[in-house]
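**Q** The structure's right below; bear with me while I get my questions together.
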Amino acid sequence: MDASLTNYLLIGAVMFVCGVVCMATKRNGIAVLMGVELVLNGANVNFVAFSRHTSLGLDGQIVSLFVIVLAAAEAAVALAIALNFYNNYQTIDIDRGDKLQG
Amino acid sequence: MNDQVLFWIFAILAGGGAIGVVILQDIVRMAFSLIISLGSTAGLFFLLDADFVAATQLLVYVGGTLVLLIFGVMLTASGPFRRIQMSSGETFVGAAVGLLFFSMIAFTVIDVEWETLKGSHSPVTAAATDETGSTSRAIGLRLVGIAADTEVGIHKDRGEKTGYLLPFEIVSVHLLVVLVGAAYLARAKRQETSEATGGDA
């Protein structure tokens with residue numbers, strides 16, 4: 003059972019690291035959003051795995067439900083911002099959004 | 017035995033999908049890879065006896081959030097912006113940093129003795145489920161502020177009965193405000209352009 007918890011945590015770590023690298027290296031704004039989704043999902047895997055394998059109980063599952071709802075809200079707002087960015091700059095390349103740089 | 021086979025299938029799909037999101041350059045293929053990864057994560061949740069969370073993951077995440085993302089891909093991925101290449105130096109640095117970061121987390125996860133977290137209790141999720149093995153009743157009771165009666169004894173030593181009514185309300189209002197704001201953000205530009213074209217005419 004302990005080895006199984008370790009396996010789940012490793013899967014969560016893979017998704018988290020992939021999300022962070024995706025956020026840091028991609029230049030497409032939508033791809034950065036996909037990285038955020040991967041990070042949140044990796045955290046969710048950890049929450050549910052701890053909920054099953056430790057004395058955390060159902061609290062972990064409820065926190066993961068909140069994470070899912072907040073991820074949906076974040077995706078809605080970020081996508082609206084990305085579409086506005088695309089309308090203004092005619093591109094989704096986030097390196098072009100440097101107007102505030104001075 | 018069956019659980020092990022299913023676990024490895026879902027684990028490889030989830031991890032491979034996540035790696036595919038990083039490696040692939042085409043934004044549409046990245047979106048498909050993300051669907052595979054998040055869908056397999058729902059399978060992992062089912063294997064962890066979290067049936068309600070897994071169903072929510074499929075309905076809200078894969079069915080809602082990802083469709084929203086794919087709409088964003090379709091609206092922005094026109095012509096030359098479908099592939100935005102990175103330089104090979106950036107790719108190398110990104111891969112190196114990712115591998116180092118992952119090895120740090122992996123060594124930490126393997127080294128820590130998770131057995132001590134288990135405490136004296138049996139797995140609580142199994143105790144919290146009703147006779148049908150479903151967790152949705154216990155989760156629903158907690159969301160309206162009542163800790164499920166099967167778990168009260170666990171928190172008794174801390175002298176508290178934990179429910180989640182206030183976070184539930186906060187998240188509900190937050191979601192409402194966010195959706196109104198997103199609709200406003202998505203509409204404002206369109207009105208502006210129609211005014212601009214009207215001004216031009």
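Residue numbers (the working numbering), protein chains in the order written: chain A, 3 to 104; chain B, 17 to 217.
Even glycine gets a Cβ: it sits at the ideal position worked out from N, Cα and C.
Here the structure is a predicted model, which is why all the values come from computation and not from measurement.
1) Residues bridged to N30 (chain A) by DSSP?
2) Using a Cβ-Cβ cut-off of 8 Å, state whether Q103 (chain A) counts as contacting chain B.
3) Please report how far the alpha carbon of E39 (chain A) lies from the alpha carbon of L7 (chain A), in whole angstroms.
4) Return yes when the Cβ of G14 (chain A) is within less than 8 Å of the Cβ of A74 (chain A), no when it is not.
5) Along chain A, which residues have their Cβ under 7 Å away from the Cβ of R158 (chain B)?
6) For a quick check, are the C-beta atoms of L50 (chain B) and L82 (chain B) less than 8 Å apart?
7) Are there three or more Cβ pairs, one per stretch, closer than 8 Å when the stretch 85-104 of chain A is compared with the stretch 25-34 of chain A?
8) Starting from the beta carbon of G114 (chain B), find every residue of chain C whose beta carbon is closer than 7 Å, and list them in chain order.
9) In the DSSP assignment, find the unbroken alpha helix (DSSP H) run with M120 (chain B) in it and report its ends.
10) Within the continuous alpha helix (DSSP H) that includes V76 (chain B), where are the two ends?
11) For the stretch 47-70 of chain B, which residues have a beta carbon sitting closer than 8 Å to at least one beta carbon of chain A?
12) Would you identify the three-state DSSP class for I162 (chain B), choosing helix, strand or coil?
13) For A78 (chain A), return the contacting residues in chain B, with the cut-off set at a CB-CB distance below 7 Å.
14) Can you tell me which of the three DSSP states S94 (chain B) falls into?
**A** Reading off the structure:
1) Looking at the DSSP output, N30 (chain A) bridges to A:D95.
2) Interface with chain B (8 Å Cβ-Cβ cutoff): Q103 (chain A) is excluded.
3) If you take the alpha carbons of E39 (chain A) and L7 (chain A), they lie about 22 Å apart.
4) No.
5) Listed by position along chain A, the residues whose Cβ is nearer than 7 Å to that of R158 (chain B) are L60, I64.
6) Cβ distance < 8 Å, so L50 (chain B) and L82 (chain B) count as in contact.
7) Contact holds: three or more Cβ-Cβ distances are below 8 Å.
8) Of the protein chains in the structure, A and B, none is chain C.
9) Segment 104-127, the alpha helix (DSSP H) holding M120 (chain B).
10) Counted as a single uninterrupted DSSP element, the stretch harbouring V76 (chain B) is not any alpha helix (DSSP H), since DSSP gives it neither H nor E.
11) Listed by position along the chain: A47, L50, S53, L54, T57, L60, F61, L64, D65, A66, F68, V69.
12) Collapsing the DSSP output to three states places I162 (chain B) in coil.
13) Here the neighbours are L84, V194, L195, A198.
14) Of the three classes helix, strand and coil, the one that applies to S94 (chain B) here is coil, per DSSP.
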